Each structure stands twice: as C-alpha cells, then as structure tokens.
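J.:
In the working numbering, the protein residues as written are 18 to 422.
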C-alpha cells in the first residue's frame with residue numbers, strides 16, 4: 018500500500034490535517050520522534066545529538082567531526098528500515114524530507130501558506146503578535162538550514178515534493194480530499210522498482226556511514242546494489258583514492274559493485290581524510306585576535322577542531338547555540354572577563370572542560386579558577402604541544418564520562 022510523506026510550514030492547521038488524514042486512510046503516523054527513538058534504541062548516538070542535527074544550524078565544528086552527516090545517515094538507515102517494514106504509513110516532520118523521489122509509492126506533500134495567514138493563525142491560537150512572528154521566523158530558519166544542508170535548496174522548492182498545497186482558506190477536510198485524490202492515483206502504487214529503491218536507500222545510508230567513519234565524505238548513490246561514489250574534491254592520486262573508497266564500500270554487506278566518479282563539484286583542492294581518533298571540539302576565547310587565530314591554525318594541524326571568538330560575551334552567546342567539548346579561555350578581556358565566563362559556563366554548561374590560558378594571571382586567580390571548576394591553568398606563552406596534550410587529557414575525561422552515561 019502507498020504511504021505519504023507530509024511536511025507543513027508552521028501554523029497551517031497541521032495537527033488537524035494530520036489527524037484527519039491518518040483517520041481517513043487508516044495511516045500509521047511515523048514522526049521525527051519515532052525515527053529518532055529507533056536510532057537511539059540501537060545505541061548509535063544520543064537523542065540530543067540527533068535533535069541538534071535535525072533542528073539546529075550546522076555546528077562550526079562539523080567540518081572537523083562530520084557529526085551532522087553521520088547523524089543524518091543514522092536517520093536515513095532507520096527510515097529505510099521503517100519503509101521496508103511498514104505499509105500504509107504517514108511520515109511527518111523533518112525526517113519525511115529524507116525520503117528520496119525514486120521511492121514512488123510514498124506521496125510527498127507540502128502544505129504551506131503566506132506569512133500573514135500563518136501569523137493570523139498564531140494569534141488565533143493565543144500567541145501575541147510578537148511571539149507568533151518569532152516562532153514563525155525561528156521555525157522557518159530551522160527548516161531552511163535543514164534543506165540547505167540536505168539538498169542545497171529552499172524548503173518550499175517544489176522539486177522536493179509531488180504536490181504543494183497553499184492552504185489559504187481551505188479547511189482541513191479540503192486539504193485531506195486533495196491529498197486523497199493524488200494518493201489514489203496509479204502512479205503512487207507500490208512497484209518492484211519502488212520497493213528496490215527502499216532497499217537501495219537503506220544500503221546507501223550504510224555505505225555512507227562506513228565511509229564517514231573512515232573519514233571519507235563523498236556523495237553516495239545506490240541502484241540495485243551497485244554503488245556510485247562521487248568525489249567533489251581533487252586528490253594527488255585519484256586512483257589511490259578510488260581504491261581506498263572502493264575497499265570501504267565493498268566492506269558493507271549487500272554491495273555488489275562500486276564505481277568512483279568525479280562529481281559535479283570536483284575542484285582543485287587537496288582531498289584529505291578526516292581523523293576520528295581524537296575529535297575534540299575546542300572553543301578559543303581571547304581578545305588578542307592575531308594570537309588566537311594563529312593558535313587555532315596550529316591546533317587544527319594537530320587534528321584538534323578549533324574555533325575562535327574574541328570576547329566573553331561572544332563566548333557565552335556561542336555556547337548557547339553550539340557546545341564545544343573544551344574551552345581555552347583567557348582571563349583578561351574587555352567587558353566580561355575570563356573568570357565570569359568560567360563561572361557562567363560551569364553554571365549553564367558544566368560538561369564543558371575549561372582550560373585557562375593567560376599571560377596576566379596571579380596565584381590568586383589560579384586558585385579562584387580551579388575552585389570554579391577549571392580543568393587546568395596554563396600561563397602564556399605555552400607551547401602548542403603542551404596545550405594539545407592538556408586538551409587531549411580533558412577530552413579523555415569527557416569521553417569517559419559519556420561512556421558511563
């Protein structure tokens with residue numbers, strides 16, 4: 018039986034439409050929470066990391082960790098399993114957008130409306146004008162980031178869907194009737210090719226994961242167990258890279274053949290493997306811009322993913338949106354000083370290990386910082402090897418705590 022992938026812009030009567038659609042066609046609802054729970058049950062990653070990968074902007078550290086790509090591959094794999102096991106389902110939410118078009122027995126539907134109409138519904142639901150506008154803006158920004166990451170397209174791009182329904186003054190019953198009209202067409206019936214596409218979707222996710230865990234980020238396509246890998250960066254030896262990628266892909270059960278191609282984005286830059294033996298995410302906080310930028314470059318060369326900000330306020334704003342593993346913090350900065358940043362960080366994000374790196378601190382400062390929960394207190398100038406070793410020790414402490422949790 019066919020299924021439906023249903024995505025809404027916010028404040029488009031989504032709850033009522035979803036409920037009536039499910040009831041009318043006897044569809045089992047599979048939402049983001051169900052797919053996330055499926056991944057978590059396998060202990061592949063955590064609920065928080067999956068939700069961050071879906072709903073939040075891409076972390077500045079993702080270029081080092083490729084964590085968002087791996088989490089999306091986990092979600093794809095779980096979704097493929099669900100598609101293979103369930104018939105007559107209705108997939109709702111951000112994860113519904115992961116279902117590829119060649120799975121033709123899933124009708125992909127978008128329900129949208131103008132900002133004015135959505136705002137009017139938000140007010141009708143009891144929100145203030147300001148709160149409604151903020152909610153619409155925040156949710157639109159979130160889904161724009163999601164579809165940009167997945168497809169390099171806007172979320173309301175019609176090419177992502179089979180039908181797009183502007184809500185306007187339509188009732189929930191009107192929308193359901195329109196969806197049912199398309200749902201009952203022969204083009205949405207399950208076929209041998211569409212069932213094969215589900216298997217290929219799942220296999221592609223497994224190949225993608227195998228490659229990512231070996232530090233290889235390439236485009237993966239699968240057709241009837243035949244894998245195509247498209248490389249979007251050049252290499253000193255494309256033949257050596259081809260051999261390496263083929264070996265990894267062939268290690269995945271179910272793969273029958275592998276070809277490696279230069280993708281459309283293939284460009285003249287050096288292709289490097291990512292390394293995951295030690296992937297700490299480090300936030301550097303120092304008002305000496307030239308110093309901290311040089312330090313960041315030297316840490317990256319030692320396989321430590323780092324990002325620099327230049328004052329205490331910026332550091333605190335940063336950790337509201339993106340959580341590093343380790344913060345390397347100067348004490349003497351204009352505005353909010355390092356001790357206050359340390360205090361607030363340990364209050365709101367106690368899992369972040371903070372290393373003080375200062376050229377102006379006293380013994381009293383050292384004692385204060387250690388009492389506030391700093392992991393280490395280092396004096397400038399310090400050699401990058403010592404700092405890297407301290408970061409590694411702090412990260413091992415974090416990793417051990419996560420393993421126990």
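Each residue gets a CB set at the ideal place from its N, CA and C atoms; glycine is no exception.
Source: prediction; values computed, not measured.
Would you list the residues sitting across from residue 344 in a DSSP beta bridge?
T.: Under DSSP, residue 344 forms a beta bridge with 300, 371.
J.: Taking DSSP as the reference, what is the three-state secondary structure of residue 219?
T.: helix
J.: What number of angstroms, rounded off, separates the C-alpha of residue 64 from the C-alpha of residue 58?
T.: 10 angstroms
J.: Looking at residue 128 and residue 71, is the spacing between their C-beta atoms short of 8 angstroms?
T.: Contact: no.
J.: Work out the CA separation of residue 33 and residue 230 for me, nearest whole Å.
T.: 42 angstroms
J.: Taking a contact to mean a Cβ-Cβ separation below 8 angstroms, would you say residue 493 touches residue 243 in this structure?
T.: Outside the shown range of the chain, which is 18 to 422, sits residue 493, and nothing can be said about it.
J.: May I have the straight-line CA-CA distance separating residue 255 from residue 104, to the nearest angstrom?
T.: 43 angstroms
J.: Three or more C-beta pairs closer than 8 angstroms, one from the segment 156 to 166 and one from the segment 44 to 53: is that the case here?
T.: no
J.: Tell me which residues share the same chain as residue 271 and place their Cβ nearer than 7 angstroms to its Cβ, disregarding the 5 neighbours each side in the sequence.
T.: 220, 242
J.: With DSSP as the reference, label residue 56 as helix, strand or coil.
T.: Note: residue 56 maps to helix in three-state DSSP.
J.: Along the chain, where does the beta strand (DSSP E) that runs through residue 24 open and close?
T.: 20 to 25
J.: For residue 84, is the classification buried or exposed, using 16 other Cβ atoms within 10 angstroms of its Cβ as the cut-off for buried?
T.: buried
J.: Look at the alpha carbon of residue 31 and the alpha carbon of residue 23, and state the distance between them as a whole number of angstroms.
T.: 9 angstroms
J.: Return the residue from the list 80, 49, 316 that minimises the CA-CA distance to residue 91.
T.: Of 80, 49, 316, the residue nearest in Cα terms is 49.
J.: Decide if residue 112 is buried, meaning its Cβ has at least 16 other Cβ atoms within 10 Å, or exposed.
T.: Around the beta carbon of residue 112, 16 or more other beta carbons sit within 10 angstroms, so the residue counts as buried.
J.: Spatial neighbours of residue 74 within its chain, please: C-beta separation below 6 angstroms, excluding the five flanking residues on both sides.
T.: 162
J.: Tell me whether residue 307 sits in a helix, a strand or coil according to DSSP, three-state version.
T.: Here residue 307 sits in helix by DSSP.
J.: Could you please give the first and the last residue of the uninterrupted beta strand (DSSP E) stretch that includes residue 149?
T.: Run containing residue 149: none in the beta strand (DSSP E); it sits in the alpha helix (DSSP H), 146 to 168.
J.: Helix, strand or coil, according to DSSP, for residue 285 in the structure here?
T.: Annotation note: pLDDT 48 at residue 285 (below 50); position unreliable, coordinate value reported separately. Residue state, collapsed to three classes: coil.
J.: Taking 7 angstroms as the cut-off, does the CB of residue 135 come closer than this to any heavy atom belonging to the ligand FMN?
T.: In the structure shown, the ligand FMN is absent, as is every other ligand, since no ligand is present at all.
J.: Which residues does DSSP pair with residue 243 in a beta bridge?
T.: 240, 274
J.: Let's see if you can read the secondary structure: which residues bound the beta strand (DSSP E) around residue 181?
T.: 180 to 183
J.: Could you give the distance in angstroms between the alpha-carbon of residue 89 and the alpha-carbon of residue 384?
T.: 44 angstroms
J.: Using the beta-carbon count (16 or more within 10 Å), is residue 400 buried or exposed?
T.: Burial state of residue 400 is exposed, judged by a 10 Å Cβ sphere holding fewer than 16 other Cβ atoms.
J.: Please determine if the segment 302 to 317 and the segment 260 to 268 are in contact, where contact requires at least 3 C-beta pairs separated by less than 8 angstroms.
T.: For the pair of segments examined, the segment 302 to 317 was found not to touch the segment 260 to 268: the number of CB pairs separated by less than 8 angstroms stays below three.
J.: Using a 10 Å radius around the Cβ and a threshold of 16 neighbouring Cβ atoms, would you call residue 388 buried or exposed?
T.: Residue 388 counts as exposed, since fewer than 16 other C-beta atoms from the protein chains shown sit within 10 angstroms of its C-beta.
J.: Is residue 61 helix, strand or coil when you go by DSSP?
T.: coil
J.: Given residue 66, which residues of its chain have a CB within under 8 angstroms of its CB, disregarding the five upstream and five downstream residues?
T.: 84, 88
J.: Is the beta carbon of residue 342 closer than 8 angstroms to that of residue 298?
T.: yes
J.: Is the beta carbon of residue 355 sitting closer than 8 angstroms to the one on residue 349?
T.: yes
J.: Tell me the residue span of the beta strand (DSSP E) that contains residue 395.
T.: 393 to 396
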